[in-house]
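Quick note, the first sequence lines up with residues 718 to 1111 if you use my numbering.
Since the structure comes first, as structure tokens, the remarks are kept for the end.
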Amino acid sequence: MRWSNTYIPTLREDPSDAEVASHKLMLRAGFIRRLGSGAYSYLPLGLRILRNIENIIRDEMNAAGASEVLLPAMQPAELWKKTDRFKLLEEILITYKDRSGKLNVFGPTHEEVITDLVARDIRSYRDLPKLLYQIQTKFRDEPRPRFGVLRSKEFVMKDAYSFDKDEKGLEVIYKKMHEAYRRIFDRCGLEYVSVEADSGFMGGSESHEFMAPASCGEDKVICGKDKKEKAAIELGHIFKLGTKYSKPLGARYLDEDGKEKDAIMGCYGIGVNRIFAAVIEQNNDKDGMIWPIAIAPYQVLIIVIDPADKDVVKESERIYKELIDSGIETILDDRDERPGIKFKDADLIGFPLKVTVGKKSLKEGKVELKPRKTQKTSLHPSNKIISVIKDHLK
RNA sequence: CGGGGAGUAGCGCAGUUUGGCUAGCGCGCUUGCUUCGGGAGCAAGAGGCCGCGGGUUCAAAUCCCGCCUUCCCGACCA
718 MRWSNTYIPT
728 LREDPSDAEV
738 ASHKLMLRAG
748 FIRRLGSGAY
758 SYLPLGLRIL
768 RNIENIIRDE
778 MNAAGASEVL
788 LPAMQPAELW
798 KKTDRFKLLE
808 EILITYKDRS
818 GKLNVFGPTH
828 EEVITDLVAR
838 DIRSYRDLPK
848 LLYQIQTKFR
858 DEPRPRFGVL
868 RSKEFVMKDA
878 YSFDKDEKGL
888 EVIYKKMHEA
898 YRRIFDRCGL
908 EYVSVEADSG
918 FMGGSESHEF
928 MAPASCGEDK
938 VICGKDKKEK
948 AAIELGHIFK
958 LGTKYSKPLG
968 ARYLDEDGKE
978 KDAIMGCYGI
988 GVNRIFAAVI
998 EQNNDKDGMI
1008 WPIAIAPYQV
1018 LIIVIDPADK
1028 DVVKESERIY
1038 KELIDSGIET
1048 ILDDRDERPG
1058 IKFKDADLIG
1068 FPLKVTVGKK
1078 SLKEGKVELK
1088 PRKTQKTSLH
1098 PSNKIISVIK
1108 DHLK
């Protein structure tokens, strides 16, 4: 991608309505913009990061044997009355009446919908277990949205649901999900802990939360051997639900012994936008963000120091093309701006690798490489830079 | 929902206490010249229902009443 051709509105100063680091930086870097309280637009770079996180989640969920589905956000209120959660969640449900006067809710979570779906098609113990997931926008009328995308009214969640014939089967999947979650957070470069938690309005017997230590966290965890209390962001929560939803919604199957039984359920959620913000909270310095290679908006940034110099442009373009042809996600800063502005934006956004093509070093056949993490500059022969970059990205 | 801030140019802010404004400052933006390796310099410009509605007054960004929006703390929270 050429910088001049996309949309990256960076800000020099901290916006007045942002308080925590991740929120400020996401706004400054042109990743997001606020529409109303708790509602954010994702701009090109922000969306790329969000998609990268989603794809890691997809990858690990698929590997764990889950199948992706997509459920409606619009749901009949009737369904929620069947499980008694319409009353329970009344305060946070965003509802509307359709043209016929029927009350609907914008899904804050999907236990009702998925259970209703599965209940219609599952008949026998031979059909179980089933593990389904989706990545979808949820709606909750939060009493107090805050910290940018960390607590918003509209947010992206990966929610998975398992249906088993007994507790033993649930235990197997629950453990599998626990492991998948570890791999997901590891790949996103997060520091986190898994803790036993309260099930809240989800119900069920047992649950674990995955918490990322961060100063802006809304929750408290005790992690490490020092037993100190730390603020943390809740990234994910997995639950053993039992028959809380399968019973009222009729998700039953016929067992080997010919008896009709309720399916045993589990549900597994991840806040995708929260991973986004948590990574920033844990990876930033005075100059900006420091993106892990796996979810960076682009792995490599090429800075064209002097866009008026033919040799510099030619060499920048060559490197750009070769990197793209090698499958490396690259952005070329071809803007007609002063070097200082380009360097500041580069550090603010935090692309993992920065290649600088300038007149002076190019005369000696060299270009510069600077990893955002170490900020150590090294010079390399221009014709070797592709392989040097590949080594760094390994 | 309780408490506390804030709303003035695209962004960040001053001015409000004590009414006199023809509303400023920095950044950004436009044009020209000079610069050109870490947010350039000079010059000339463009850009405001001072959140909205009512009221007081000769006169309101400024005082009074009502409302809206938003941020923070708390309560709540997948």
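Glycine included, each C-beta is placed from N, C-alpha and C at the ideal position.
Cutoff 7 Å; reference residue i; Cβ partners in own chain excluding five residues on either side
i, result
"I1019", "S1033, I1036, Y1037, T1047, L1049, D1050, V1072 and V1074"
"E913", "H925"
"C940", "V910, P930 and K947"
"S922", "K957 and G959"
"W797", "F803, V822 and E829"
C-alpha gap between residue i and residue j, whole angstroms
i, j, result
"S739", "D876", "24 Å"
"E795", "M982", "21 Å"
"P732", "G865", "12 Å"
"S721", "H895", "43 Å"
"E998", "K978", "46 Å"
"E888", "P1056", "57 Å"
"D1028", "K1077", "11 Å"
"D1053", "M1006", "24 Å"
"F856", "E807", "13 Å"
"E935", "T854", "22 Å"
"T826", "R750", "25 Å"
"I1041", "L1110", "14 Å"
"T832", "D815", "23 Å"
"I809", "S963", "23 Å"
"F918", "R904", "30 Å"
"F1060", "G824", "43 Å"
"F1068", "I1058", "15 Å"
"A1025", "K1080", "15 Å"
Three-state secondary structure assigned by DSSP to residue i
i, result
"S754", "coil"
"R729", "coil"
"I955", "strand"
"L1086", "strand"
"K1071", "strand"
"G921", "coil"
"G818", "coil"
"G967", "coil"
"L848", "strand"
"K961", "coil"
"G763", "helix"
"K804", "helix"
"R899", "helix"
"R863", "strand"
"R904", "helix"
"S932", "coil"
"V1017", "strand"
"R775", "helix"
"V938", "strand"
"L824", "Per the sequence shown, the amino acid found at residue 824 is Gly instead of Leu. In the structure shown, G824 sits in coil (DSSP, three-state: anything other than H, G, I, E or B)."
"E888", "helix"
"A949", "strand"
"R684", "Residue 684 falls outside the range modelled here, since the chain spans only 718 to 1111, and no answer is possible."
Enclosing beta strand (DSSP E) for residue i [first to last residue]
i, result
"S911", "V910 to E913"
"F872", "E871 to D881"
"L810", "No beta strand (DSSP E) holds L810; DSSP gives it neither H nor E."
"E977", "E977 to D979"
"L1049", "T1047 to D1050"
"S1095", "S1095 to P1098"
"P793", "M791 to P793"
Span of the alpha helix (DSSP H) around residue i
i, result
"G1057", "P1056 to I1066"
"A836", "E828 to A836"
"Q999", "V989 to Q999"
"K1027", "K1027 to D1042"
"S1104", "I1102 to L1110"
"S916", "That residue, S916, is in no alpha helix (DSSP H); it is neither H nor E in DSSP."
"S739", "A738 to R745"
"W720", "Premise fails: W720 is in no alpha helix (DSSP H) and is neither H nor E."
"L1079", "K1076 to K1080"
Cut-off 8 Å between Cβ atoms - residues of its own chain near residue i, not counting five sequence neighbours on either side
i, result
"I766", "F748, F993, W1008, I1012, A1013 and P1014"
"H1097", "K1083, V1084, E1085, L1086 and V1105"
"S841", "Y970 and L971"
"L845", "I839, F880, D881, K882, G886, Y970 and A980"
"I1045", "Q1016, V1017, I1106, K1107 and L1110"
Contacting residues, own chain, Cβ-Cβ under 6 Å from residue i (five flanking each side not counted)
i, result
"K1094", "Here the sequence assigns Thr to residue 1094, which means Lys is not the residue at that position. Result list for T1094: E1085 and K1087, in chain order."
"N769", "I1012"
"F927", "Y898, Y909, S911, L952 and G953"
"A836", "L966, G967 and A968"
"M791", "N821"
"M718", "I1048"
Check your understanding: Touching or not, the region 786 to 803 and the region 848 to 857, by the rule of three or more beta carbon pairs under 8 Å?
Key -> In the pairwise beta carbon analysis, the region 786 to 803 is classified as touching the region 848 to 857: at least three pairs are separated by under 8 Å.
Review point. Can we say the region 967 to 982 touches the region 745 to 759, given the rule of at least three CB pairs closer than 8 Å?
Key: No: the two stretches stay apart, fewer than three of their Cβ pairs being nearer than 8 Å.
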